[in-house]
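Scroll down for the structure; my scribbles are underneath it.
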Amino acid sequence: MKLRLSIVSLFFLLNGCTSLPPAAIRNIPFVDLSYQTVNQDINAYKDVPIRWGGVIIDVENEKDFSLVQILFYPLDKKGYPYTNKKNEGRFVIESSEFLDPAVYKKDTEITVTGTIKGDIERTIGNKTIQVPLISATAIYLWPKEYRYNYYGPGRYGYYPPYPFGFYGDPYYYRGFYWPYPYRW
Numbered sequence: 001m002k003l004r005l006s007i008v009s010l011f012f013l014l015n016g017c018t019s020l021p022p023a024a025i026r027n028i029p030f031v032d033l034s035y036q037t038v039n040q041d042i043n044a045y046k047d048v049p050i051r052w053g054g055v056i057i058d059v060e061n062e063k064d065f066s067l068v069q070i071l072f073y074p075l076d077k078k079g080y081p082y083t084n085k086k087n088e089g090r091f092v093i094e095s096s097e098f099l100d101p102a103v104y105k106k107d108t109e110i111t112v113t114g115t116i117k118g119d120i121e122r123t124i125g126n127k128t129i130q131v132p133l134i135s136a137t138a139i140y141l142w143p144k145e146y147r148y149n150y151y152g153p154g155r156y157g158y159y160p161p162y163p164f165g166f167y168g169d170p171y172y173y174r175g176f177y178w179p180y181p182y183r184w
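Sequential numbering from 1 applies to the sequence shown in the working numbering.
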């Protein structure tokens, strides 16, 4: 009984340690501004530090800089984009570094910290729109495995291991989670 309780406690303790954002974007100060607020008057928020994220749409490399177009999604407390929520629009990040399109692939989750530089025109089909332009100070690409563990078991056909051995999913009984017994 105590062994099972200590294993469950250890599991929750280790799970709680992962509630911090990744080191690349953790200690950079930012103002929590929504996309809609900034998009209403982009020039009013110039030079304001922000942390935004979403899914990569396109990468363009120029001679001295790279532009990455991103579909905006709100972030959770760890800085991970909520891709299961409705996207709110697009924004573009500018980086002085070369961003390889083979690494910054389409449909990859990304979190960026930087300052609002202004707006930039983007053409989507036959329509031209103004989107916020962010001068990036830190960029974090989320690994694909994070999405599977983040949404929990079964959502994408992946079942993460539980600390209960080979018994399968735990069940709740008398205030504790217990492994299912073997079914012969």
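Using N, Cα and C, we set each Cβ at its ideal position, and we do this for glycine too.
Keep in mind the model is a prediction, meaning the values are calculated, not measured.
Straight-line Cα distance separating residue j from residue i
i      : j     : result
Glu121 : Ser66 : 15 Å
Lys127 : Asp76 : 31 Å
Thr25  : Asn84 : The sequence given here has Ile at residue 25, not Thr. Rounded to the nearest angstrom, the two C-alpha atoms are 22 Å apart.
Pro81  : Lys63 : 30 Å
Lys78  : Asn39 : 24 Å
Leu133 : Ile50 : 12 Å
Closest residue to residue i among the options (Cα-Cα distance)
i      : options                       : result
Ala44  : Gly114, Gly118, Asn87         : Gly118
Lys46  : Lys85, Ile124, Ile110, Thr115 : Thr115
Arg90  : Ser135, Val131, Gln36         : Val131
Ala136 : Lys78, Phe98, Thr37           : Phe98
Ala102 : Pro74, Ala23, Glu60           : Glu60
Coarse secondary structure for residue i, derived from DSSP in three states
i      : result
Thr83  : coil
Lys77  : coil
Ala102 : coil
Lys144 : helix
Val48  : coil
For residue i: DSSP bridge partner residues
i      : result
Ala24  : Answer is none; Ala24 lacks a bridge partner.
Thr108 : Beta-bridge pairing links Thr108 to no other residue.
Given 8 Å as the limit, is there contact between the segment 55-75 and the segment 104-112, that is, 3 or more CB pairs closer than that?
yes
Would you call the segment 84-97 in contact with the segment 19-30, where contact means no fewer than 3 C-beta pairs closer than 8 Å?
no
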